[in-house]
Each structure stands twice: as C-alpha cells, then as structure tokens.
Amino acid sequence: MQGNDLRINGSADYQILKDWKVSGFYQFWMNATQTENFDPLESYRARELINDYSEVGEDGNLIRHIPLGAMLDQDFRSAFSHNLRLQTSYDKQWGELHQLNFLAGFESRDLQREGYRISSYGYDPSIGTSQAVDYLTRRRRLGSRLLANIPFTEDFSGGVDRFLSGFANVGYTYKNKYLLNASARKDASNLFGVATNQRGVPLRSAGLGWIISEEEFLTSRNMDFLKLRLSYGYNGNTNPNATAFTTAQYLSGAQNFLSGYPFLGIVSPPNPQLRWERIKISNLGLDFGFFGGKLRGSAEYYIKQGLDLLANQPLFPSSGFSSAVVNYASTRTNGIDLNISTRQQLGKVTWDGAFFYSMVQEKVIDLETETTPDQLINYSAQNPTTLIGRPIFGIYSYAFAGLDPNTGDPMGFLDGEPSSNYQGIFQEATPENLVFHGRARPTDFGAFRNTFSYRGFSLSFNMTYRFGYYIRRPSVNYDEFNRGAWVHADYEQRWQQPGDELITDIPSDPGRVNSLRHRFSTSNSSRVEPGDHIRFQDVRLAYQWNGKQKGPIRNLETYLYLNNLGILWKASDRVVDPDFQVAPPLTSASLGFRMSF
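Reminder that position 511 of the sequence shown reads as 505 in my numbering, one-by-one numbering, no gaps.
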C-alpha cells in the first residue's frame, strides 16, 4: 500500500478593537492511496480459484477457465477538499464579576473523491501483463452442482459533497462560578432537496454551570473542585448514502441483453421527503476532584431523543426497489457515563487507576416503516429493523422445540405444537410471536486501567467489560457443506441416532441442500447466547531514562506492549469470542523505543 497525504493550512486575524477581532481559516487537503494485493501462483487463493474454475474436457484434457498465473487486485483512491471558515469573536471582562464571550461565523466545505478497482488474472509481474478471461459464461465450480461466473472486479466511483454551516455561540460568567452558554447553528448539504429549507437544519443548545467549590460556604480542604452542569440542545447528522435525488451508476462490462448497450443500475430512488437526522439531548453532569488530586472524575446522566433517524430500510416490492436510506424511526435513550481516576502513593510505588462505566438503554418510540419477522431476525447494523417499544438493535428468533427424535430435524412450533413444517412456521410467524432475547448491543460496558510506576519503570494493564447483550452464534451450515464448502466444528456434535436429541441441539446432516431447513436452523432460539464477557485487553511494560545523563538525548523510553490477551470470563462457553465470532483478533507483541533530543 502506498499513499500521499497533503494538508495546507492558512489563517489571518484582524483586530478591530481591543476585545473584538475577525479571523479567517483555510485548509486544502489532498489524499491519494494505491493498494495492491498480489497472489502468486503458489498462493492458496490463486490455486483455489484456478482449480475451482477448471474442468475435464471431453477429450480428457484439463480446461482452465482462469489461466495459470498470479492474480493482482488493484485499488486506487484519491480525494481533495477545500475548507473555508470566517468568524468574528468578542471577549470582554469587567472586573472580577462579569465575563462575556461571543463567537459567530460560517464554514464551507467541498469534498470531491474518485477511485477505481480492477482485478487481473494470469498476471506476469516481470512484464506487467495479464490474460483475458471470459466473465460472461457461467461455469460449474469444482465440487459444486451450481453454476457461477468468474469473479469480476472493475468499477469506477466518484462523488461530490458540499456542506455549509452558520454558527453563533455566546457565553457569560458571573463571579467565576456561575456560567451561562447558548449556541445556534444551521447546517446545509447538497444531499437534500433543491429547496433551501430542505437542505438546511437549524440546531440550538443552551447550558448552565455552577462551580460549587468556589462558594464561600464550602471550606473543606479536601475538596479541590466541584462543578454542576446542565445542558439542552439539538445535534444534526446525515448519511452520505442518503439523497433526495435518484442516483445511479454504470456497470463496467455489463450490457443490456436485448440492445447490447451499457446500462445504468439505480442505486437509490428519489426521496423528496428526506430530512436531516436530529438528536435532542438533555444532560446533567457533575465534575469533581478531592484530596489534592488523589480522587477525580465525572458523572453524567443524559436523555437523548433521536428524531427522523436515517437507515437503509426494505421497501415494498411494488416500488421497484429492494431498499433505500430513509427517515424511519424516532428513539428515546437514557444513559449514564461515569469515570473515576485515582493516584495513590504506596511507598515508593505510584498507582494510577482509572475506572470507566457506561450504561445505555434505548427504545423506539415512533416507527415509519412496517416490519416483518424475517427482517427482525436478519437485521444488520446497516439495515436495522425494530418494533415500537423495543431497542433499535435486538435479537429475535423462532422458538426452538428441540430435535425430531427420529430424523434429527430442528423443530419449531406450529399452532402450539412441535413441527418441522418450516414453510408453515414461516407463514404463521408474526413480530409478536417471535422470541425476543434482548439487545444486540451492550447495555453496560467500560474498562479498568491500572498503572504502577517505580522510579523509571512502569507497568500498566487494561481490562474491558461488556454486559447486557446477546449474539447469534455461528454453527453448521449444511447447505454450504453439501455444496463442497468447509464445515463448522459443531458438525461433530450433530444428531446421529435416536436419543441424541437429549444431549445436543445440533441438527442431523440432511445430505442435501434444504434451504427452508437451513433457514430455520440458523434462526431459531437455540442459536442465541448471552454475549457478556470480561476481556484482558493489553499490558505495557516500559522503562524511561529521565535525561539527567550527559549527551544529546534528553529522554529515552523502551517498552514492551502486548495486545489482545484474551477473555478472562464469558457468560457462554459455546462461543469463542462474543465480539469476533468468525476470526478472533490475534495476540500481538511489539517492542520499541522512543527518544527526544
């Protein structure tokens, strides 16, 4: 991978009066990256793909539809932007009682980007050539009964995003302990409609602060700092994939089968009702410090109301589109953020400890789209589907009734009775009779970090925790297995004979592709597990010279850093790692040094 990044910044100030000035800021940014993935003929990926698209001809000779040779994937991306900000500020203090700060201005941003990707087969790096491949004819892959095209990658992309913002902020302080702040802002983007009132969204906020530790009635020597704060306001957000206009793209190498001409594929339909996503936030916080810095931290309680949230949602088939990014829901979220840090002297050893805790509980209070059982079960972060009164991201499933004692088929419930009539189970399913396990994202999470220092040595370690959520664990995919793909380790625990249903919930091998059985098997309640766990994240051991020695080096630090050390505890033994189910992160170690002159 190669890349270039260039930033040019410029600014200018003009002092109108002693307390009043105007300023201008400009930034030009340009970035270009080139990524190449080269797989020689000896690599597993090249050999696998070449063999997959090989067949024995009628004369007994081997026909290779992908030529023998290396494979090269290339990805080129470039972008540049212009940022301009003009503002005026006023800062005035009257004695020890009053202080006023005012800031207003506007900001403009223009971002343009383009890129392309291409894959080459039979690539010879010595002369930089590749060989032609027939991408249009469907071939039978090795070990499979299905036909497929040779993977083809050649696409070009580009886009222009423009944003405008106007803002104003005023702050007032009385006696250095009573604070008042108010702000207003309007953001606009070319992603929204043609009318000015569609492109922009007005945002505002206000806040109060009280530095209690400055009050005369508090004379405790153990209190360093105590501040109470309250704020209320709106934030705005947009999605670069959302637009009020029809967007389409040409498909490289694709022609209409009737006319033979290239054609456009519509990416998103027009949406003149598209609106900015807004977040209304009420916040109550307390900042504190005690005992000469030995104990400090903050506690915060907030209520967020998400309005006109944006997400990719399925559309009715009659619309001609499968999905689009739309305003689909409003939510209410309650949360707590707590962080406490301490520094204690234990003889010659210094201990720095930090504890972080967050709690989030959100639910949907309004929904503009209809939700089907299949959408609830097959949600994703990019395509969230939900119900009113439930969290945005939830885990739903079909109720599991065990394995058939005669066949080992997974069973659900149909008319209240155990059944393996999967078509009937799917047809009778409703959002109300699905099993709702809980949230798909943690409700409680945080970290605990400790650092012990002795003279020039320091040892720190960090543990993280995530509680209050569920995951759908992977298991045997018999459809893929019976097409010749790999098989999950749960295959060893499958039902094989009558009586096994008492000791396992892994279905039997049907010996053939059965899409309805597979669909139920992967989406029933036996596949859902709690994701709660505590993780040993990292350890860092370091030694630092303090620079007292003679010579040009002022400071020198050597360190050993270990990352992704594993899970200390988890609620379910049936998952290796709740957050990384396919490929858990590898433990890594790094040794290095830093110096300053």
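Idealized CB from N, CA, C, for every residue including glycine. Only a predicted model underlies this, so the values are computations on that prediction, with no experimental measurement involved.
Residues that DSSP places opposite residue i in a beta bridge
i      : result
Ser159 : Glu101, Asp181
Gly230 : Arg272
Asn95  : Asp85, Gly165
Leu280 : Leu222, Ala293
Gly314 : Paired residue(s): none; Gly314 is not in a bridge.
Met217 : Phe284
Glu210 : BP columns for Glu210 are empty, so no partner.
Ala323 : Leu303, Leu361
Leu585 : Leu554
Tyr110 : Phe70, Phe150
His59  : Looking at the DSSP assignment, His59 forms no beta bridge with any residue, so it has no partner.
Ile121 : Paired residues: none, contrary to the question.
Asn175 : Gly165, Gly201
Leu141 : Arg134
Asp331 : Glu294, Ser352
Ile382 : According to DSSP, which records beta bridges pairwise, Ile382 is partnered with nothing at all.
Thr336 : Leu289, Gly347
Leu397 : Pro404
Glu49  : Ile57
Pro196 : Lys180
N- and C-terminal bounds of the alpha helix (DSSP H) containing residue i
i      : result
Tyr129 : Looking at the DSSP string, Tyr129 is not in any alpha helix (DSSP H), and its letter there is neither H nor E.
Ala40  : 38 to 46
Arg511 : 509 to 517
Asn420 : In the sequence on display, residue 420 carries Phe and not Asn. Phe420 -> alpha helix (DSSP H) spans 416 to 422.
Terminal residues of the beta strand (DSSP E) in which residue i lies
i      : result
Leu559 : 549 to 564
Arg1   : -4 to 11
Gln355 : 343 to 361
Ile260 : 256 to 262
Glu523 : 522 to 524
Pro412 : 411 to 413
Gln538 : 527 to 539
Leu370 : Where Leu370 is concerned, there is no enclosing beta strand (DSSP E), although the alpha helix (DSSP H) it sits in stretches over 367 to 371.
Gln28  : 14 to 33
Leu408 : 406 to 408
Tyr390 : 388 to 391
Arg433 : 429 to 433
Identity of the residue in the options nearest residue i by Cα
i      : options                        : result
Thr380 : Gly396, Ala395, Leu361         : Leu361
Glu42  : Thr445, Ile144, Gln491, Gln338 : Ile144
Ser582 : Arg568, Gly54, Ser590, Asn557  : Asn557
Ser595 : Lys15, Gly153, Lys86, Ile44    : For the chain, the structure presents residues -5 to 591; residue 595 sits outside this window and is missing.
Pro468 : Leu535, Ile497, Ala577, Asp67  : Ala577
Arg384 : Lys342, Phe349, Arg435, Leu78  : Arg435
Arg460 : Tyr322, Lys564, Asp409         : Lys564
Arg133 : Arg58, Pro367, Ala182, Thr232  : Arg58
Tyr168 : Arg135, Glu208, Glu148         : Glu208
Gly586 : Ala536, Gly300, Val569, Asp567 : Ala536
Ser584 : Asp571, Asp567, Tyr555         : Tyr555
Ser566 : His527, Gln531, Gln575, Gln538 : His527
Ala200 : Asn540, Thr27, Arg223, Asp571  : Arg223
Thr325 : Gly300, Ala305, Val354         : Gly300
Phe387 : Gly418, Arg215, Gln355         : Gln355
Thr344 : Ser447, Gly287, Leu289, Leu268 : Ser447
Ala348 : Gly287, Met589, Val319, Thr366 : Gly287
Tyr464 : Ser262, Thr123, Phe430, Val358 : Phe430
Tyr84  : Asn45, Gly227, Gly122, Ile10   : Ile10
Ala182 : Ile260, Gln125, Trp270         : Trp270
Tyr263 : Asp218, Ser317, Ser214         : The question names Tyr, but residue 263 is Pro in the sequence shown. The shortest C-alpha separation from Pro263 is found at Ser317.
Gln106 : Val507, Arg529, Asn77, Thr241  : Asn77
Glu426 : Thr365, Leu140, Phe455         : Thr365
Leu510 : Lys171, Val569, Gly418, Leu408 : Gly418
I'd like to know if the segment 516 to 532 and the segment 388 to 404 are in contact, where contact means that at least 3 CB-CB pairs between them fall below 8 Å.
Result yes; three or more Cβ-Cβ pairs closer than 8 Å.
For a minimum of 3 consecutive residues, which ranges assigned as the beta strand (DSSP E) are wholly contained in the segment 440 to 498?
For the segment 440 to 498, whole beta strand (DSSP E) runs of length 3 or above, ordered along the chain, are 451 to 461, 464 to 466.
Stretch-stretch touch, CB-based, cutoff 8 Å, three pairs: the segment 321 to 340 with the segment 286 to 297
Between the segment 321 to 340 and the segment 286 to 297 there are three or more C-beta pairs closer than 8 Å, enough to call the two in contact.
For the 8 Å Cβ check, are there 3 or more pairs between the segment 115 to 124 and the segment 163 to 178?
No, because fewer than three Cβ pairs between the segment 115 to 124 and the segment 163 to 178 fall closer than 8 Å, the two stretches do not touch.
On the three-pair Cβ rule with 8 Å, is the segment 157 to 168 touching the segment 87 to 101?
Taking a cut-off of 8 Å for Cβ pairs, the segment 157 to 168 and the segment 87 to 101 touch, as three or more such pairs fall below it.
Check whether the segment 487 to 497 and the segment 400 to 413 are in contact - that is, three or more C-beta pairs closer than 8 Å.
Between the segment 487 to 497 and the segment 400 to 413 there are three or more inter-stretch CB-CB distances shorter than 8 Å, so the stretches are counted as touching.
Mind the definition here: the segment 501 to 515 touches the segment 403 to 422 only if three or more C-beta pairs lie below 8 Å; say whether that holds.
Enough Cβ pairs lie closer than 8 Å, so yes.
Assess, as a yes-or-no matter, whether the segment 98 to 114 is touched by the segment 35 to 49 under the definition of 3 or more beta carbon pairs within less than 8 Å.
Here the segment 35 to 49 does not lie against the segment 98 to 114, with fewer than 3 beta-carbon pairs under 8 Å apart.
Does the segment 302 to 318 come close enough to the segment 275 to 282 that 3 or more CB-CB pairs lie under 8 Å?
Touching, no.
Sufficient close CB pairs (3 or more, under 8 Å) joining the segment 335 to 346 to the segment 311 to 325:
For the pair of segments examined, the segment 335 to 346 was found not to touch the segment 311 to 325: the number of CB pairs separated by less than 8 Å stays below three.
Below 8 Å, can you find three or more Cβ-Cβ pairs linking the segment 60 to 78 to the segment 22 to 33?
At 8 Å Cβ cutoff, the stretches touch.
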